[in-house]
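For reference, the structure is listed below as structure tokens.
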Amino acid sequence: TLLATHQIGCAELVKNIELVAEEFPGDEDMWVRYEARSRALLPELRPQELVRVLLALQRCRRACPPLLQDVEEILARPGAMDQWHPVDLAGVARALSKHACVNPEVWGQILQTATSEKMRNWLNPRQIAQILLGVLRAEELIEEKGLVQAEASLVLLLAASRRLGRASPPDIVALTSCVALAPLADRAARNFLPALLEVLPNHIFRIPEPGLCRMLAALRMLQKVVSDHEPVFQEVVGAVSAELAVRAGRGGLSEPQVLDTLEHMVFFRDHNVAVREDCATQVARALWKQVPVLELPHLERAEAAAKQLQKWEGAEL
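Quick note: the sequence shown uses the working numbering, first residue 522, plus one each step.
Right, dumping it as structure tokens:
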């Protein structure tokens, strides 16, 4: 029954693929036979159904490469996604990223669709982040610069900057990472950082600790392309580091998070980015309480950070 795909429609095909993925994930012979029978129906699937197929195949990536390749070929066709809804476009990008898809034609079509005038005015900040993170991850995996079309990523980040007030805390964290990783990070930051500074007062208290740590790490990456004396950059770094200091003082950060935060603060201070001494002291105290449980490599990093802190005037150690 499962293999008689010539007798079933698209909905049944998707259900069957999900069932086979759950019941026979490692059966390569099953997937070879199934791929041959399902090839004719795959192009007729709706976007939501293609997303379901990709998510199902994630459970058995090693056993079903032919079927996965068929799906990628469909997505790589010019104009394949032109009439899609933003939810579907972002869903496919997220699913392909989970598959660690490195097909440049597929990602090229996704970016081309996302930057069309109709779609870029329709996408919300979360969908833009999902698309860009997928493309950036693919570029990192294949170690080939140029997969992410620089201008296309900039267009999407400018659109996200204009709508940042509608973004949720996780979206803000994800987009900050996207800006830091983008090919034209300097130009993207010029528009994104003022928008970020505007929304932070209302959102920073709702960003969880791992998200704040990711933001500070992304801002550290941006330091290379943003002027050290850029007032907006200074204010954003100050706001994020101050909030992390408060969380550290309450015991809300794990040992690695406290250590990373202190190292980032030292880095920013060494590069003339204003970080308040009392914030660094608060983080250092939190780290001091964790010294008895730190492993040797972390102890060495903590010692190096402490030596740097000794150079600061007003930092209580």
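Ideal Cβ positions, reconstructed from N, Cα and C, are used throughout, including at glycine. Everything numeric in this text was worked out from a predicted model, so none of it was measured.
Around the beta carbon of S674, 16 or more other beta carbons sit within 10 angstroms, so the residue counts as buried.
Selection K536, E543 and R711 evaluated against S559 yields K536 as nearest (Cα-Cα). Taking the CA atoms as reference points, V746 sits about 7 Å from A706.
Using a 10 angstroms sphere on the CB of V767, the tally of other CB atoms stays under 16, which defines it as exposed. Judged by beta-carbon spacing, A695 lies beyond the 9 Å limit of A703, meaning their Cβ atoms are not closer than that value.
Distance between V812 and L820, taken at the CA atoms: about 7 Å.
Within the stretch 527-566, complete alpha helix (DSSP H) segments of at least 4 residues are found at 531-544 and 549-559, given in chain order.
A611 and E638 have their C-alpha atoms roughly 16 Å apart. Here A584 carries a coil assignment [DSSP, helix/strand/coil].
Apart from sequence neighbours up to five positions away, the residues of its chain that approach D548 with a beta-carbon distance below 7 Å are A584, ordered along the chain. Taking 9 Å as the cut-off, the beta carbon of E730 is found closer than this to the beta carbon of Q778. Between the stretch 731-738 and the stretch 687-694 there are three or more inter-stretch CB-CB distances shorter than 8 Å, so the stretches are counted as touching.
Residue state for D603 is assigned as coil, using DSSP reduced to three classes. Counting only runs of 4 or more residues that sit fully inside the stretch 599-655, the alpha helix (DSSP H) segments are 607-619, 625-635 and 638-641, in chain order. Annotation for H785: the continuous alpha helix (DSSP H) segment containing it runs E776 to D791. When the Cα atoms are used, V794 and P607 turn out to be separated by approximately 38 Å.
Counted as a single uninterrupted DSSP element, the alpha helix (DSSP H) harbouring A739 occupies residues E730 to L743. Residues T636 and R641 of the same chain have their beta carbon placed closer than 8 Å to that of V676, with the five preceding and five following residues left out of the count.
The C-alpha of R554 lies about 14 Å from the C-alpha of A542. Minimum Cα-Cα distance from W809 among the listed residues L817, D799, A827 and E593 corresponds to A827.
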